[in-house]
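**Q** Okay, here's the structure, questions in a sec.
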Amino acid sequence: MFGLVPFASRHDLAKEDNVFDRLLDVFDEPFMTSFKAPEFKVDVKDNGDSYDLTAELPGLKKEDISLTYENNYLTIATKKDEKADEKDEKGNYVRRERHTSSMSRSFYIDNIDDAKCTAEYKDGVLAVHMPKTAKTEAKGHEINITDVA
Numbered sequence: 250m251f252g253l254v255p256f257a258s259r260h261d262l263a264k265e266d267n268v269f270d271r272l273l274d275v276f277d278e279p280f281m282t283s284f285k286a287p288e289f290k291v292d293v294k295d296n297g298d299s300y301d302l303t304a305e306l307p308g309l310k311k312e313d314i315s316l317t318y319e320n321n322y323l324t325i326a327t328k329k330d331e332k333a334d335e336k337d338e339k340g341n342y343v344r345r346e347r348h349t350s351s352m353s354r355s356f357y358i359d360n361i362d363d364a365k366c367t368a369e370y371k372d373g374v375l376a377v378h379m380p381k382t383a384k385t386e387a388k389g390h391e392i393n394i395t396d397v398a
């Protein structure tokens, strides 16, 4: 069975020869950064009677974004398909590349009126306005303890 062994980069030659430190440095190599999951920046602001969420989604179209609210979780999901087809005069492919990417983030936000939520997407920024519902106070009650014979 074969394993992946990243090659040492040139800047490793100038380091002290500490084997343990070099072992941990493997995680700083560019090889490992390719496994990092894509994500996007999100800000959630509590306005008292509502929440405002802004998400930075540059390079996407509105059709590439899905926004759902279910079981007190607001989920933003994106999917983007890119194709680059180049053909010669006979219609034969000279180059054909495809790339698909997707990202998803979920946020627990309760006590909002999901029927009154609004969202807009402009210049790569998704803005979601979520009005809160009227708070209902939980009424406590006493639980009787019975004797067991």
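Take any residue in the sequence shown, count from 1 to its spot, add 249: that is its number in my numbering. Quick reminder that beta carbons are idealized off the backbone N, C-alpha and C, glycines included.
Here's the rule I'm using: 16 or more other beta-carbon atoms within 10 Å means buried, otherwise exposed. How should A304 be labelled?
**A** By the 10 Å Cβ count, A304 comes out buried.
**Q** Please check the pair G373 and L306, which I expect to be a contact at CB under 8 Å, by giving their CB distance rounded to whole angstroms.
**A** Contact holds; Cβ gap of about 6 Å.
**Q** With DSSP as the reference, label K365 as helix, strand or coil.
**A** Helix at K365.
**Q** Quick one: Cα of K338 to Cα of I314, how far?
**A** According to the sequence as given, residue 338 is Glu; it is not Lys. C-alpha separation (whole angstroms): 36 Å.
**Q** Report yes if the C-beta distance between E288 and R354 is below 8 Å; otherwise report no.
**A** Yes, these two residues count as a Cβ contact at 8 Å.
**Q** Whole-angstrom Cβ separation of D363 and Y322, contact assumed at under 8 Å?
**A** Their Cβ separation, rounded to whole angstroms, is 11 Å, which puts D363 and Y322 out of contact at 8 Å.
**Q** May I ask you to report which of helix, strand or coil DSSP gives E338?
**A** E338 falls in the coil class under three-state DSSP.
**Q** Between which two residues does the beta strand (DSSP E) containing T317 stretch?
**A** I314 to E319 is the extent of the beta strand (DSSP E) around T317.
**Q** Mapping DSSP to helix, strand and coil, what is K310?
**A** K310: coil per DSSP, three-state reduction.
**Q** Identify whether I358 lies in helix, strand or coil by the three-state DSSP scheme.
**A** It is coil, neither helix nor strand.
**Q** Work out the CA separation of T367 and K294 for me, nearest whole Å.
**A** Approximately 15 Å between the Cα atoms of the pair.
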